[in-house]
Amino acid sequence: MNKRKKGSLYEEKAAKFLEENSYRILEKNYHGKHGEIDLIALKDRQIIFVEVKYRETFDYGYGIEAVDKRKAKRMYKTAE
63 MNKRKKGSLY EEKAAKFLEE NSYRILEKNY HGKHGEIDLI ALKDRQIIFV
113 EVKYRETFDY GYGIEAVDKR KAKRMYKTAE
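Counting the sequence shown from 1 gives a position; this note's numbering is that position plus 62.
Set out below in C-alpha cells:
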C-alpha cells in the first residue's frame, strides 16, 4: 500500500473514532490558502482541527513530533 492510500486509510479510522466518540465530522482534507487540515470536527459547540499522523514504528519518533511549530502555525492560519 502506498503512502497516500495508507494516509487516507488512517484518516478514515481517525474520523470513525471521533464519530464513535460523539464528534461530528465537518470536513475531511480541508484545503485553504495556507495549507491543509486532515479533519475538522465539532463536539460540544467546539470546533476541533485534527492532524492525523500514522507511524508503523517509532524509528522516526511519535506522530506528535511531526507537528512542529511551522506545521502548527500553518494549521492555525488555515483554521482562521
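Virtual Cβ for every residue (Gly too), placed ideally from N, Cα, C.
Owing to the predicted nature of the structure, the values given are computational and were not obtained by experimental measurement.
Return the first residue and the last residue of the alpha helix (DSSP H) that residue i is part of.
| i | result |
| --- | --- |
| residue 69 | 65 to 82 |
| residue 128 | Note, residue 128: premise wrong, no alpha helix (DSSP H); not H, not E. |
Pull up the DSSP beta-bridge partners for residue i, would you.
| i | result |
| --- | --- |
| residue 86 | 104 |
| residue 120 | DSSP, once it has assigned bridges, lists no residue as partnering residue 120. |
| residue 92 | 99 |
Helix, strand or coil: how does DSSP classify residue i here?
| i | result |
| --- | --- |
| residue 98 | strand |
Beta-carbon separation of residue i and residue j under 8 Å?
| i | j | result |
| --- | --- | --- |
| residue 104 | residue 77 | no |
| residue 94 | residue 140 | yes |
| residue 63 | residue 97 | no |
In its own chain, which residues sit with a C-beta less than 6 Å from the C-beta of residue i, not counting the 5 before and 5 after it?
| i | result |
| --- | --- |
| residue 125 | 115 and 117 |
Closer than 7 Å by C-beta to residue i: which residues in its own chain qualify, once you throw out the five before and the five after it? Chain order, please.
| i | result |
| --- | --- |
| residue 87 | 77, 80, 81, 101 and 103 |
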